[in-house]
Amino acid sequence: MAYNINRNSLENHWMPFTDNRGFKASPRLIAEASGVLMKDHMGNSVIDGSSGLFCCPAGHCHPKIIEAVHEQMKINTYTSPFGTGHGASFELADKVSELTPDGMNHVFFVNSGSEAVDTALKITMAYHSAMGENRNRFVSRERAYHGVNMGGVSLSGMVNNRRTFPVVMPGIVMMRHTWTGENLNVQGQPLEGKELANDLDRFVQTYGGQTIAACIVEPVAGSTGTLVPPVGYLERLREICDQNGILLIFDEVITGFGRMGTNFAADKFHVKPDIMTMAKALTNGSMPMGAVCVKDEIYEVVTDRANEGAIEFFHGYTYSGHPAACAAGLASLKIYADEGLFERANNLSTYFLDAIFSLSSHPLVKDVRGIGLMAGVEMHADGNVGKRGGKLQKDLFWNGLHIKFTGDTGIVAPMFISENSHIDQIVEKLRKTLDAN
Ligand SMILES: Cc1ncc(COP(=O)(O)O)c(C=O)c1O
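Residues 99 to 535 (the numbering used here) are what the sequence shown spells out, left to right.
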């Protein structure tokens, strides 16, 4: 459906994470989308090289999702999730827990990745409180992105996301990030850097392990530009957590549902967390939804230790487990299974990574990193950090490619339905646009 643009019609919407003045002077609107392609408001084709914001592995406007949501909305558009329920949320929790690691079978629904992170923090607090433990410190990591709610901002290690917001949760300490800068253009997991996990041990030595509630990491740091964990790093975090009764939280908002070629990054790296957050691909991006999955013991401790008849966990959202989102989630997970999309992502990974790493010799490129179907292409800065990236993102769009940028790093994350030819087009458009810059 065409949208009639004039300057005034764009003014009232304050856009998120956007250069509003620049955008409104030169808008980039998507009029419609299907599969890997989008069409802008002037009818130009744009290939989606970041699956939206890492949301839509099965492609835009999947007819089965549209139909499932439509059918659901004909019979139930809303049920209060506090004290009442509807079948679709229970069915979806079953389906999600079929995909999560063994022993992680309890799923709490929210509406976004940010809400999932804040919920994970509160579950952690509720668990330790029920255990009678006084743990009030959280360990996060430099360059982390855990969404934009106050809990997530407190955990954030990305300076632009937190410097404007000085009032954050107390008691958070930051491990170093894992990009050492010594080994550039490493495909897959770097061999060096496992010892960086010992930062967690240093906090144990400094504050006492019994004061630390949880350690939260993105298994592959996504929004900062794809930092792949060194071999042995996540295993070492797990080990230190186990030694000290610290919960390990994997924020799988980007990595969950096949992005690594496995159900979750936990499966790819063979490290099982205690809590996992997820969102984005849970509904193939078609409906706002997130979830937190916890190991069974956490659910049991929090529920069994509450007084008989009492609400066990004082937390939830008006739209937790919304019927339309559940229908979209159920349809998405069915598509992933029926079309074997996680396996397809796994099979496509080598072709994708080889193609994207061919950019590493380009004079503007400083480093390429990648694993599964996700890669970061970091450019040399041109003066201020982000100046070159901002320009490239716009130029790429007008050259028919959508890529999410963070600073000077483009994050490429193709859809799982992509053909090799789509990967070729993404890399060719990137190369040509870099050549012209
Ligand atoms: C790891 C991680 N956690 C949390 C979030 C926040 O998700 P949302 O934007 O849905 O709130 C994101 C978003 O990119 C993310 O990558």
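Cβ coordinates follow ideal geometry from the N, Cα and C atoms, glycine included.
(Q) Quick check for students: name the residue ranges of the alpha helix (DSSP H) that lie wholly in the stretch 378 to 429, counting only runs of 4 or more. (A) 394 to 402
**Q.** Assigned secondary structure, Asp117 (DSSP; H/G/I helix, E/B strand, else coil)
**A.** In the sequence shown, counting from the first residue as 1, residue 117 sits at position 19. Reduced to three states, the DSSP call for Asp117 is coil.
Q | Three-state secondary structure assigned by DSSP to Ile173 | A | Position 75 of the sequence shown, counting from 1, holds the residue named residue 173. It is helical.
Q. By the 10 Å Cβ neighbour count, where 16 or more other Cβ atoms means buried, how is His593 classified, buried or exposed?
A. One cannot answer for residue 593 here, as it falls past the ends of the chain, which runs 99 to 535.
Q. Cα-Cα, which of Met374, Leu471, Ala473 is closest to Thr198?
A. Taking the sequence shown and counting its residues from 1, the one referred to as residue 198 is at position 100. Ranking Met374, Leu471, Ala473 by Cα distance to Thr198 puts Met374 first.
Q: Could you check what DSSP says for Arg239 in three-state terms: helix, strand or coil?
A: Residue 239 sits at position 141 when you count from the first residue of the sequence shown. DSSP places Arg239 in strand when its eight states are reduced to three.
Q: Compute the distance between the beta-carbons of Phe348 and Pro317, then report whether it is under 7 Å.
A: In the sequence shown, the residue the question calls residue 348 occupies position 250. In the sequence shown, the residue the question calls residue 317 occupies position 219. Yes.
Q. How about Ile352: is its Cβ closer than 6 Å to a heavy atom in ligand 1?
A. On the sequence shown, residue 352 is found 254 positions in, with the first residue counted as 1. Distances from the CB of Ile352 to the heavy atoms of ligand 1 include at least one below 6 Å.
(Q) Within a Cβ cutoff of 7 Å, which residues of the same chain sit near Ala166, ignoring the five residues on either side of it in sequence? (A) What you label residue 166 is simply residue 68 of the sequence shown in a count that begins at 1. Closer than 7 Å at Cβ, skipping near neighbours: Ala425, Ala426, Leu428, Ala429.
(Q) Going by DSSP in three states, Met99 sits in which element: helix, strand or coil? (A) Locating residue 99 in the sequence shown gives position 1, counting from the first residue. Residue placement at Met99 is flagged as unreliable, the pLDDT there being 48, under the threshold of 50; a coordinate-derived value is accordingly withheld.
(Q) Please list the terminal residues of the continuous beta strand (DSSP E) segment that includes Ala131. (A) By 1-based counting over the sequence shown, the position of residue 131 is 33. Segment 128 to 132, the beta strand (DSSP E) holding Ala131.
**Q.** Whole-number beta carbon distance between Asn234 and Thr309, since they are thought to touch under 8 Å
**A.** Translated into the one-based positions of the sequence shown, residue 309 becomes position 211. Translated into the one-based positions of the sequence shown, residue 234 becomes position 136. Sure, about 7 Å apart at Cβ, within 8 Å.
Q. Using 8 Å as the threshold, is the stretch 366 to 382 in touch with the stretch 212 to 229, meaning 3 or more CB pairs across them?
A. Look at the beta carbons and you see the stretch 366 to 382 touching the stretch 212 to 229: at least three pairs across the two are nearer than 8 Å.
Q. Taking DSSP as the reference, what is the three-state secondary structure of Lys370?
A. Counting from one through the sequence shown, the residue named residue 370 turns up at place 272. The DSSP-derived three-state label of Lys370 is coil.
Q: Report the three-state DSSP secondary structure of Thr375 (helix, strand or coil).
A: The count along the sequence shown starts at 1 and reaches residue 375 at position 277. Reduced to three states, the DSSP call for Thr375 is strand.
Q: Determine the DSSP secondary structure at Leu431, reduced to helix, strand or coil.
A: Numbered from 1 along the sequence shown, position 333 holds the residue referred to as residue 431. Three-state result, Leu431: helix.
Q: Quick one: residues with CB closer than 7 Å to any heavy atom of ligand 1, in chain order, please.
A: Leu151, Phe152, Ser210, Gly211, Ser212, Glu213, Ala214, Val215, Tyr243, His244, Gly245, Val246, Gly250, Glu316, Gly320, Ser321, Asp349, Val351, Ile352, Thr375, Ala377, Lys378, Gly388
(Q) Per the DSSP calculation, Ser321 is bridged to which residue(s)? (A) Here the question's residue 321 lines up with position 223 in the sequence shown. Per DSSP, none; premise fails for Ser321.
(Q) Given this structure, state the Cα-to-Cα distance separating His184 from Gly438, to the nearest angstrom. (A) By one-based count along the sequence shown, residue 184 stands at place 86. By one-based count along the sequence shown, residue 438 stands at place 340. Approximately 28 Å between the Cα atoms of the pair.
(Q) I'd like the span of the beta strand (DSSP E) that includes Arg467, first residue to last. (A) Within the sequence shown, numbered from 1, the residue matching residue 467 stands at position 369. Start and end: 463 to 469.
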